[in-house]
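In our numbering, the protein residues as written are 58 to 405. By construction, the Cβ of each residue, glycine as well, lies at the ideal position given by its N, Cα and C atoms. So the structure is just underneath, and the comments pick up after that.
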Ligand SMILES: [Zn+2]
Ligand SMILES: [Zn+2]
């Protein structure tokens with residue numbers, strides 16, 4: 058089969074690899090649509106721990122083969138990948154904190170992912186989908202579950218106000234979940250006007266470009282004393298510093314963006330966090346008990362009901378074969394984009 062293989066830092070190729078045969082408890086998914094995550098690009102540009110590796114964890118397709126102990130009834134069914142493979146035995150797994158598992162694997166980062174014609178996954182990592190659910194939308198289930206999880210971590214309640222700092226792919230999903238869960242005011246910030254335009258279409262009420270205005274002053278003008286919840290989804294230190302500034306006393310902050318590890322934060326951040334008695338929450342993946350969690354079932358329902366608009370989040374479609382070039386363009390910041398869908402069945 059054909060696959061997109063990360064061979065080294067900055068080296069990614071489209072090549073022939075053996076097609077897997079599903080082992081006991083596993084099944085084979087014929088990939089119909091896969092989406093590029095910011096973390097895939099960072100594995101390519103900054104390097105990764107395992108080579109060679111087939112990337113791709115935002116993936117949907119059709120089950121075409123099953124291993125021993127997996128029912129034949131699954132053949133022909135559509136499924137999305139649930140990428141985390143927890144051990145289910147360690148202390149954190151038993152508490153239902155699967156993303157903190159002491160001994161986990163992850164499809165597309167620690168083992169072969171779905172930027173390929175086929176991917177072998179454990180049966181429990183297949184989220185079985187209704188046949189009518191569009192598979193391109195299904196490829197975006199995983200990033201949506203992260204956004205849904207972020208709102209749980211921030212203890213978001215209907216009627217509350219929120220600021221989403223950074224409306225790239227996760228931020229756009231957060232905006233949609235805020236709308237679905239009935240936020241009274243959704244403010245978003247981004248330096249990209251294109252991202253802000255999509256956020257507006259998806260339900261954001263106020264769009265602020267920090268290059269053009271004072272975000273804190275504007276949030277205070279609109280809310281009086283800051284928002285109930287702020288979400289950092291940009292992965293930049295300036296946005297991280299702003300979370301504390303725009304949140305009301307006793308409000309919540311959730312950090313969802315991956316920050317550059319060589320940056321530092323002014324201690325004023327801690328001072329303001331303490332004075333306002335804020336709740337500061339990290340977010341890692343999107344899981345809760347029972348595995349994989351309501352984040353996943355909620356997302357499928359919201360796509361089915363039409364509340365989650367995945368089409369508006371997709372900016373490009375490319376044949377899977379062109380992935381090496383697409384990665385190069387993204388890493389060089391030459392391709393302005395929201396979600397990019399890779400299609401194995403589309404000719405070059
Ligand atoms: Zn991802
Ligand atoms: Zn575990």
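In terms of alpha-carbon separation, which member of the options lies closest to residue i?
| i | options | result |
| --- | --- | --- |
| residue 186 | 178, 195 and 179 | 195 |
| residue 164 | 261, 357, 252 and 114 | 114 |
| residue 141 | 343, 386 and 363 | 343 |
| residue 96 | 105, 374 and 90 | 105 |
| residue 273 | 222, 169 and 229 | 222 |
| residue 259 | 371, 387 and 146 | 371 |
| residue 261 | 268, 253 and 267 | 253 |
| residue 402 | 94, 193, 109 and 147 | 193 |
| residue 351 | 201, 394, 386 and 128 | 201 |
| residue 71 | 378, 389, 387 and 386 | 378 |
| residue 382 | 144, 78, 93 and 77 | 93 |
| residue 347 | 143, 87, 134 and 111 | 143 |
| residue 320 | 296, 80 and 102 | 296 |
| residue 178 | 213, 138 and 257 | 138 |
| residue 288 | 314, 364, 147 and 197 | 314 |
| residue 326 | 395, 367, 301 and 225 | 301 |
| residue 251 | 216, 316 and 224 | 224 |
| residue 367 | 386, 392, 388 and 397 | 397 |
| residue 173 | 234, 209, 128 and 111 | 111 |
| residue 257 | 151, 182, 118 and 232 | 232 |
Run through the DSSP bridge pairs and tell me what residue i is partnered with.
| i | result |
| --- | --- |
| residue 177 | 85 |
| residue 245 | 221 and 264 |
| residue 381 | In the DSSP output, where bridge partners are listed per residue, residue 381 has none listed. |
| residue 119 | 87 and 135 |
| residue 376 | 400 |
| residue 337 | 310 |
| residue 163 | 141 |
| residue 371 | 396 |
| residue 354 | In DSSP, residue 354 forms no bridge with anything. |
| residue 304 | 284 |
| residue 111 | 62 |
Determine, using beta carbons only, whether residue i and residue j come nearer to each other than 9 Å.
| i | j | result |
| --- | --- | --- |
| residue 136 | residue 149 | no |
| residue 207 | residue 227 | yes |
| residue 169 | residue 60 | yes |
| residue 120 | residue 85 | yes |
| residue 279 | residue 311 | no |
| residue 67 | residue 126 | no |
| residue 299 | residue 246 | yes |
| residue 116 | residue 171 | yes |
| residue 244 | residue 264 | yes |
| residue 339 | residue 376 | no |
| residue 190 | residue 349 | no |
| residue 180 | residue 131 | yes |
| residue 341 | residue 98 | no |
| residue 336 | residue 213 | no |
| residue 134 | residue 188 | yes |
| residue 211 | residue 345 | no |
| residue 58 | residue 79 | no |
| residue 241 | residue 281 | no |
| residue 203 | residue 369 | no |
| residue 65 | residue 108 | yes |
Return no unless some Cβ of chain B is closer than 9 Å to the Cβ of residue i.
| i | result |
| --- | --- |
| residue 312 | No chain B is part of this structure, which consists of one protein chain only. |
In three-state DSSP terms, what is residue i?
| i | result |
| --- | --- |
| residue 172 | coil |
| residue 215 | coil |
| residue 286 | strand |
| residue 76 | coil |
| residue 393 | coil |
| residue 182 | helix |
| residue 156 | helix |
| residue 106 | coil |
| residue 318 | coil |
| residue 71 | strand |
| residue 63 | strand |
| residue 194 | helix |
| residue 92 | strand |
| residue 150 | helix |
| residue 344 | coil |
| residue 127 | coil |
Contact check, residue i vs residue j under 8 Å by CB: the rounded distance?
| i | j | result |
| --- | --- | --- |
| residue 167 | residue 355 | The pair is not a contact, with the Cβ atoms about 26 Å apart (cut-off 8 Å). |
| residue 91 | residue 399 | 5 Å |
| residue 445 | residue 307 | Given that the chain is displayed from residue 58 to residue 405, the structure contains no residue 445 and the question cannot be resolved. |
| residue 175 | residue 88 | 7 Å |
| residue 283 | residue 293 | Not confirmed; about 20 Å, so no contact. |
| residue 303 | residue 220 | 5 Å |
| residue 390 | residue 373 | Contact flag wrong, Cβ pair sits at about 15 Å. |
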